[in-house]
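If you're matching them up, the sequences are chains A and B in order. Sequential numbering of the first sequence, starting at 1, is according to the numbering used here. Sequential numbering of the second sequence, starting at 461, is according to the numbering used here. Notes follow the structure.
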Amino acid sequence: MKDLENLTAELAGGRLSRREFVQRVVGLGLSSTAAFALMEACGQGSQSSGSIQLSFVTWSYGVSTIQDNIKKFQSSHKNVQIQFQDFAWTNYHDTMVARFTGKTPTDICYSSDHWLSEWAAARWITPLSSGFSDLTSYKSDYFPYVLQGMTYQGKLYGIPYYADTWAFLYNQDHLQRAGISTPPQTWEELTQQALEIKSKGIANYPVLLLFSQSDPGSIEVWESMVFSRQDGHLFDDNLNPVFNRAGSAAARVIDWIRDAMNNARIMDPASLTSEEIPVVKAMASGAHTFTILETYNQAELNKSGSGPFAGKFKMAPMPGETHNTVGYVRFYAVTDQLTRRPPDVQKAADQFLQYFGGKVNGTFSPVVVRWAVENGLGFGWKSLWDDQQVRTAFSQWGDPDMLRRNQELARIKEGLTKYFPDWDVFTRAELQKAYLGQTSTQAALDAMAEKWKSLKQGNS
Amino acid sequence: MANVTAATEAGPTPALRRRPGPGREAIYAYLTLLPVLLVVAAFSLYPILYAAYLSLHKELLTDPGDHHFVGFGNYADVFHSFYLVDSVTSTLVFVLMSVPAVMVFGLLVALLLNQAFAGAGILRVAVLLPWALPPVVSGIIWRWILNDDYGVLNSILRQLSIVHYAIPWLSNPQLARVALVFAQVWHEGPLAAIFLLAGLRAIPAETYGAARVDGAGWWAIFRHITLPLLRAPLLLVLIYETIVAAVTFDLVYIMTGGGPANATALVSWFAYTEVFKFVNLGNGSALAFLIAAALLVIILGYLRALRVESNR
């Protein structure tokens, strides 16, 4: 009996495999049926057997939170085992391309609005209507940019993991020291305030922007600046470029950046190589005053211990006439591979998606609320702003009303087609050439327009 | 034992006397090599052949239903691409800057390590360390050192009052190119040094002794003995470093991401971009073949130049 106790303890502790457990229990004289029954009683049968295995792939953000969420899901769905993998955000797209092309088993994965057209056209991911129709019933509760960001050719492809906006953030301490009472309302006002801050020696380069050529966020920052201007559009309704017209919002944005970097010298040239985390770190150190970052970074900057200016980072509407900005959605997508798996696996995936991104028993799942409360991640649901727990959490590092207003002002990126990634790569370099003065604003915009037209024609 | 001895003394048994003919020997040899050949074929030949197939077909992943034969259409696309001229220029500049720098650095270090001094043994091992680091790690180290805002290099320069404001090492196109070359030399120089040190050790000491007896100074010895006798290792290093520089990808990927304004976007970067950003396997494969062909031409040119030099 003592031997049996030891064996069950070893099994429970994971020091013994199920096969070894059965062999050794049978060796003690018990029947194999009894051994299996004993194993089930130990709780190992359901947990490690994982009769249904789902592969879940994410980028590396909040990995310990994801793992904990998976653990909680598995404890309430004992027949499901989640095989989790994560990859760096900056390499995620390329990793997934290799993964899909190599047909590496993947059932559910993170995706993003700017990859949706490409992934859907390549048939790597599938619309939710193909077996996951319950997940399509939340559409009316999503902010418009969220719904647009998950829709391709009229079909919904995901359920939000988080949905955020690009926000104009500033260091209030710097403004106070410079004697400035309110944040800038326009880009011209921003130049004046930055010059004032620079002249007082508070920051040598008051503006730092995320413009690294390798960061997918750089095009979103640029589009935010375009959207905030009058007539801030890149394309007309037929996806013909309008950004290269004389005096366009895009041209005014490039001119402002050129001037800020090369003449007024208020924008740090390091912007051209700055990715998200270096921007956050530099802002936290107090080296700069103004930036544009994803809203959740305000939570990061203001959290206790983030730096000498924790609690001093405020958000204002994007400078400009319209204050519009870019909103984006990162979402849980279902792969095409999953649609070829047995119905019980798909059912488990449906439960998983509900638990991770939807509702459980009519209320928001704990995962949805957790990302908002613990990490300050924006969300796609309008009604989640009515949740007092969420409002309280957001008010600890920001202004919930301001955050919601930014979501209402947000627009999905323009030009999201399957050839957008090609244009994006080309455009990032052209924009940098214009910022550096290697080419004129108009020449850069014309090159971008020509590239767009050739891609559009090639894909028509 | 006695039987064995007897058989040996009496010559081979009839069975052993029937020695396998050349055909059998060849079959045996091929069978022995077959496992290795299969492995090579699976991991080298098949990918090359498959890449050749891809380069001749439409393989755009966003158009999964269309894989028609396009002949050299993908190659034409690459030749007409927006990036080819600029990236080839950037690659040539990078190769022309980094390869001579690596060789000079390697030669100087090798000459130093060839001297007898205390701690030379440890130094010979230590000098290899940068090469032993994966290029990705080297890239990360240099990116942090050269970070415009909080890199240690700018910090030191400011503390020494050499500069007052941070130098944009990676944000300025010209400086970013130089920074990339610097990182390449730091990473590749040690291997060149070890290769050349091995070459130096192979030069007989008597040759140097005879030269000194004849009154040759260090420069004459270096020019007329060391350099000519180092020709083979120098050529080896030249070929190897040219290939490494021409296909450098890791450092670019980590340090600059091809920026700013494509200043460091080498042609290998666009081979990657075609496949992983534009999801165009056809164009990516075509570009990879063009890079390989260009390298082959350069290497043949090196070998030919050396042969001409030897025959002179």
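Positions of the beta carbon are idealized from the N, C-alpha and C atoms, including for glycine. Just so you know, these numbers come straight off a predicted model, no measurement behind them.
Neighbouring residues, chain B, relative to residue i (Cβ below 7 Å)
i	result
residue 204 of chain A	625
residue 433 of chain A	721
Classification of residue i by the beta-carbon crowding that lies within 10 angstroms, buried from 16 upward
i	result
residue 145 of chain A	buried
residue 540 of chain B	exposed
residue 433 of chain A	buried
residue 679 of chain B	exposed
residue 139 of chain A	exposed
residue 215 of chain A	buried
residue 75 of chain A	exposed
residue 71 of chain A	exposed
residue 68 of chain A	exposed
residue 556 of chain B	exposed
residue 503 of chain B	exposed
residue 326 of chain A	buried
residue 154 of chain A	exposed
residue 667 of chain B	exposed
residue 496 of chain B	exposed
Closer than 8 Å at the beta carbon, the chain B residues around residue i
i	result
residue 436 of chain A	633, 720, 721
residue 104 of chain A	Going along chain B, no residue has its Cβ under 8 Å from residue 104 of chain A, so there is no contact; the nearest lies around 15 Å.
residue 97 of chain A	521, 735, 736, 739
residue 451 of chain A	542
residue 418 of chain A	522
residue 429 of chain A	718, 719, 721, 722, 725
Closer than 8 Å to chain B by CB, residue i
i	result
residue 421 of chain A	yes
residue 151 of chain A	no
residue 130 of chain A	no
residue 94 of chain A	yes
residue 253 of chain A	no
residue 101 of chain A	yes
residue 11 of chain A	Bear in mind that a pLDDT of 49 at residue 11 of chain A, under 50, signals an unreliable position, so the model cannot answer this.
residue 298 of chain A	no
residue 43 of chain A	In this predicted model, residue 43 of chain A has a pLDDT of only 42, less than 50, meaning its place in the structure is not dependable; the value taken from the coordinates is given anyway. No, because no Cβ of chain B sits closer than 8 Å to the Cβ of residue 43 of chain A.
residue 334 of chain A	no
residue 122 of chain A	yes
residue 118 of chain A	yes
Chain A contact for residue i (CB, 8 Å cutoff)
i	result
residue 630 of chain B	yes
residue 599 of chain B	no
residue 710 of chain B	no
residue 579 of chain B	no
residue 608 of chain B	yes
residue 542 of chain B	yes
residue 716 of chain B	yes
Residue i: contacting residues in chain A (beta-carbon distance under 8 Å)
i	result
residue 545 of chain B	The contacting residues do not exist; residue 545 of chain B stays about 14 Å from chain A at best.
Given residue i as reference, the closest of the options once Cα atoms are compared
i	options	result
residue 511 of chain B	B/735, B/693, B/763, B/620	B/735
residue 412 of chain A	A/130, A/99, A/91, A/114	A/114
residue 378 of chain A	A/362, A/410, A/360	A/410
residue 141 of chain A	A/443, A/436, A/385	A/385
residue 223 of chain A	A/254, A/204, A/87	A/254
residue 54 of chain A	A/323, A/108, A/182	A/108
residue 79 of chain A	A/375, A/369, A/345	A/345
residue 99 of chain A	A/132, A/56, A/66, A/127	A/56
residue 63 of chain A	A/110, A/354, A/160, A/240	A/110
residue 533 of chain B	B/687, B/623, B/740, B/756	B/740
residue 60 of chain A	A/288, A/287, A/95	A/95
residue 208 of chain A	A/268, A/333, A/315	A/268
residue 431 of chain A	B/653, B/723, B/485	B/723
Where residue i meets chain B, residues with beta-carbon distance less than 9 Å
i	result
residue 386 of chain A	Within chain B, no residue comes near residue 386 of chain A; the closest Cβ sits about 40 Å away, beyond 9 Å.
residue 426 of chain A	542, 543
residue 337 of chain A	In chain order: nothing, as chain B lies at least about 14 Å away.
- the region 266–293 of chain A: positions lying closer than 9 Å to chain B by Cβ: 268, 269, 270, 271, 272, 273, 274, 275, 278, 281, 282, 285, 287, 288
- Task: Residues of the region 509–540 of chain B with a CB closer than 8 Å to any CB of chain A: list them in chain order, please.
- Result: 521, 522, 523, 524
- Task: Give, in chain order, every residue of the region 208–242 of chain A whose Cβ lies closer than 7 Å to some Cβ of chain B.
- Result: 212, 213, 214
- Query: Taking Cβ-Cβ distances below 9 Å as the criterion, which residues of the region 360–375 of chain A are in contact with chain B?
  - Reply: none
- Could you run through the region 729–744 of chain B and flag, in chain order, every residue whose CB is less than 7 Å away from some CB of chain A? 733, 736, 737, 738, 739
- Message: Beta carbons nearer than 8 Å to chain B: which residues of the region 304–321 of chain A have them?
- Response: none
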